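Chemist: One structure follows; several queries about it will come next.
Protein chains: 2
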Amino acid sequence: MGKSTNIVWHDSIIKRNDREILNGNRSACLWFTGLPSSGKSTIAREVEYILYIRRIRTYVLDGDNVRHGLNNNLGFSADDRKENIRRIGEVAKLFVDTGIVVCTAFISPYREDRDFVRGIMGKGDFIEVFIDCPVDVCEQRDPKGLYKKARAGEIKGFTGVDDPYEAPKNPEIVLNTAEVPEVHRNALQVVDYLEKNGYIQRPQATLIR
Amino acid sequence: MGKSTNIVWHDSIIKRNDREILNGNRSACLWFTGLPSSGKSTIAREVEYILYIRRIRTYVLDGDNVRHGLNNNLGFSADDRKENIRRIGEVAKLFVDTGIVVCTAFISPYREDRDFVRGIMGKGDFIEVFIDCPVDVCEQRDPKGLYKKARAGEIKGFTGVDDPYEAPKNPEIVLNTAEVPEVHRNALQVVDYLEKNGYIQRPQATLIR
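In structure tokens form, the structure reads like this:
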């Protein structure tokens, strides 16, 4: 009896491409990067909303669901910041493999760390969305009062105050939220990119827009 | 101009429940656990296949896509094994949040580690699938020759040889792959559980079965 088994190791029958066909879109990672309060998370959520209405599967990874879970054993040292972005990148890669459009909304201030993530993903899977907003505008917004705390010395190593932000050199998408503050207009620019580059289909009825 | 902004922090508009409605199923984590060569991955892949045919979104997390990526900086020490399962659990939790049925296929030999994962998930989100197969049957299969290497002392701390496997006390599903070696029959038992407990709908046409 012990020998009567057809359980053998085999490769997955269902591949990423099958899942993309089921979902009706090409999957990708929209990697939002920018200063604190530049608008990353808010625009990512709006993109999620627009895509959801169009029945496109999405998910947003941000501090809320990552820092308290997967990365709750990481601090803010240089090594831990690097590992933080690495893990997020690896998880985003898994999400891309599931066939969905995953958005990540993290400051991710260092070019090297973002380029690492680009490097582990397939061609066209990593779409860098640079939220280009001057630090003084971000600081005026400061919805969580973090710039204020950083200026008062209560937070050390705060990006934009006493830690550098390295802007992307060749991001796929640039959104200037100081010049165009409307969340919806910024999100539509991202959705347009996905349409124009064949990730998602343009809706048939103009009403949906 | 710097003040003219409507970018404010807000909660996600699209919640897990919205994604579940879009996908047409309740999401969950099927946590396969059992000895090496007991059939975890093979059955998980078959479940994925059956669900895919029924247009239910699934994803399988296993050694192939986790050990070489997210957990490539972990070894096999007691601490690293614990961290390995913790990270997989946290990622599985994120997948449940996306509205899909995620399957994890890892030996996960320690009860404490599996119970940790159960503890971080919501009620009913964690479905423990115990692949109950005697070690001698697993060892006869040994498709990767790992038991052989462990017996020869080439692999240390191998579950079932010189490291313990702690069987679940109250798993939601038990599959005895020595008594029922057919992969498809085991997978259907898992799918039946999902139907009977309201995670997925029973198909209308009997032909689909």
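Protein sequences, first through last, are from chains A and B. The first sequence begins at 1280 in the working numbering and counts up by one. The second sequence begins at 1280 in the working numbering and counts up by one. Even glycine gets a Cβ: it sits at the ideal position worked out from N, Cα and C. No experiment lies behind these values; they were computed from the predicted model shown.
(1) From which residue to which residue does the beta strand (DSSP E) around Ile1410(A) run?
(2) Distance check for Val1459(A) and Leu1309(B), CA to CA, integer angstroms please.
(3) Taking only the alpha-carbon atoms, compute the straight-line gap between Asn1351(B) and Ile1367(A) and give it to the nearest angstrom.
(4) Can you tell me which of the three DSSP states Ile1293(B) falls into?
(5) For Pro1450(A), which residues of its own chain have a beta-carbon under 6 Å away from its beta-carbon, when the five flanking residues on both sides are left out?
(6) Counting beta carbon pairs with one atom in the segment 1308-1323 of chain B and one in the segment 1320-1335 of chain A, are three or more of them shorter than 8 Å?
(7) Taking the C-alpha atoms as reference points, what is the distance between Val1440(A) and Leu1425(B)?
(8) According to a CB-to-CB cut-off of less than 8 Å, which residues of the segment 1422-1453 of chain A neighbour chain B?
(9) Where Glu1461(A) and Phe1437(A) are concerned, what is the direct C-alpha to C-alpha distance, given to the nearest angstrom?
(10) Closer than 8 Å is the cut-off here; do at least three beta carbon pairs connect the segment 1388-1396 of chain B with the segment 1359-1373 of chain B?
(11) If we count the other Cβ atoms within 10 Å of its Cβ and call it buried at 16 or more, is Ala1544(A) buried or exposed?
(12) Would you mind reading off the limits of the alpha helix (DSSP H) that contains Leu1425(B)?
(13) What residues of chain A sit near Asp1376(B), judged by a beta carbon separation below 8 Å?
(14) Could you spell out where the beta strand (DSSP E) holding Tyr1338(A) opens and where it closes?
(15) Determine, using beta carbons only, whether Val1370(A) comes closer than 8 Å to chain B.
(16) Taking 7 Å as the limit between beta carbons, can you name the residues of its chain near Thr1456(B), skipping five residues before and five after?
(17) Could you have a look at Ile1479(A) and say whether DSSP puts it in helix, strand or coil?
(18) Give me the DSSP bridge partner(s) of Asp1442(A).
(19) Applying a beta-carbon distance threshold of less than 9 Å, which residues of chain A neighbour Tyr1331(B)?
(20) Can you grab the Cα-Cα spacing for the pair Phe1374(A) / Ile1399(B), in whole Å?
(21) Apply the 10 Å Cβ neighbour rule to Gly1403(B) and answer buried if 16 or more other Cβ atoms are within range, or exposed otherwise.
(22) Which stretch, first to last residue, makes up the alpha helix (DSSP H) that contains Ala1384(A)?
(23) For Phe1355(B), which three-state DSSP category applies?
(24) Can you give me the start and stop residues for the beta strand (DSSP E) that Ala1307(A) sits inside?
(25) Could you tell me the distance, in whole angstroms, from the CA atom of Tyr1389(A) to the CA atom of Glu1299(A)?
(26) According to the neighbour-count rule (16 or more other Cβ atoms, all chains shown, within 10 Å of its Cβ), is Phe1355(B) buried or exposed?
(27) Could you tell me whether the Cβ of Leu1314(A) comes closer than 8 Å to any Cβ of chain B?
(28) Would Glu1474(B) count as contacting chain A if we go by Cβ distances under 8 Å?
(29) Tell whether a beta-carbon distance below 8 Å holds between Thr1321(B) and Ile1379(B).
(30) Which residue marks the beginning of the alpha helix (DSSP H) containing Leu1330(A), and which one marks its end?
(31) Roughly how many angstroms separate the alpha carbons of Glu1325(A) and Glu1474(A), rounded to a whole number?
(32) In chain B, which residues lie less than 8 Å from Tyr1389(A) when you measure between Cβ atoms?
(33) Distance cutoff 8 Å, beta carbons only. Does Leu1467(B) sit that close to anything in chain A?
(34) For Ala1384(A) and Ala1323(A), which I take to be in contact (beta-carbon distance under 8 Å), what is that distance rounded to the nearest angstrom?
(35) Of the residues Ala1429(B), Val1381(B), Gly1342(B), Leu1349(B), which one's Cα is nearest the Cα of Ser1387(B)?
(36) Rounded to whole angstroms, what's the CA-CA distance from Asn1304(A) to Val1339(B)? Just pull it up for me.
Modeler: For this structure:
(1) For Ile1410(A), the enclosing beta strand (DSSP E) starts and ends at 1405-1410.
(2) Looking at the backbone, the Cα of Leu1309(B) and that of Val1459(A) are separated by about 45 Å.
(3) Roughly 14 Å between the two C-alpha positions.
(4) Note: Ile1293(B) maps to coil in three-state DSSP.
(5) Excluding residues within five positions, the ones whose Cβ falls inside 6 Å are Glu1407, Phe1409.
(6) No, because fewer than three Cβ pairs between the segment 1320-1335 of chain A and the segment 1308-1323 of chain B fall closer than 8 Å, the two stretches do not touch.
(7) C-alpha of Val1440(A) to C-alpha of Leu1425(B): approximately 53 Å in a straight line.
(8) The residues in question are Pro1422, Lys1423.
(9) The alpha-carbon of Glu1461(A) is positioned some 26 Å away from that of Phe1437(A).
(10) Yes: the two stretches touch, three or more of their Cβ pairs being nearer than 8 Å.
(11) Chain A is shown only over 1280 to 1488; residue 1544(A) falls outside these bounds and no answer can be derived.
(12) From DSSP, the alpha helix (DSSP H) with Leu1425(B) extends over 1425-1430.
(13) Near Asp1376(B) (Cβ distances below 8 Å), the residues of chain A are Tyr1338, Asn1344.
(14) Start and end: 1337-1341.
(15) For Val1370(A), the answer is yes, since a Cβ of chain B falls inside 8 Å of its Cβ.
(16) Correct list, in chain order: Ser1317, Gly1318, Ile1410, Cys1412, Asn1465.
(17) Assigned with DSSP and collapsed to three states, Ile1479(A) falls in coil, not helix or strand.
(18) In DSSP, Asp1442(A) forms a bridge with Thr1438(A).
(19) Correct list: Ile1292, Ile1293, Asp1297, Arg1298, Leu1301.
(20) Roughly 20 Å between the two C-alpha positions.
(21) By the Cβ neighbour-count rule, Gly1403(B) is exposed, with fewer than 16 other Cβ atoms within 10 Å of its own.
(22) Bounds of any alpha helix (DSSP H) do not take in Ala1384(A); it lies within the beta strand (DSSP E) bounded by 1380-1384.
(23) In the structure shown, Phe1355(B) sits in coil (DSSP, three-state: anything other than H, G, I, E or B).
(24) Run containing Ala1307(A): 1307-1313, per the beta strand (DSSP E) assignment.
(25) One Cα belongs to Tyr1389(A), the other to Glu1299(A), and the distance between them is close to 31 Å.
(26) Counting Cβ neighbours within 10 Å, Phe1355(B) comes out exposed, since fewer than 16 surround it.
(27) Not an interface residue.
(28) Not closer than 8 Å to any Cβ of chain A, the Cβ of Glu1474(B) fails to qualify, so no.
(29) Contact flag unset, no.
(30) Residues 1319-1332.
(31) When the Cα atoms are used, Glu1325(A) and Glu1474(A) turn out to be separated by approximately 16 Å.
(32) Those do not exist, as Tyr1389(A) stays about 18 Å from chain B at its closest Cβ, beyond 8 Å.
(33) Any Cβ of chain A closer than 8 Å to the Cβ of Leu1467(B) would place that residue at the interface, and such an atom is absent.
(34) Confirmed, about 4 Å.
(35) Of the listed residues, the one whose Cα sits closest to Ser1387(B) is Gly1342(B).
(36) Rounded to the nearest angstrom, the two C-alpha atoms are 20 Å apart.
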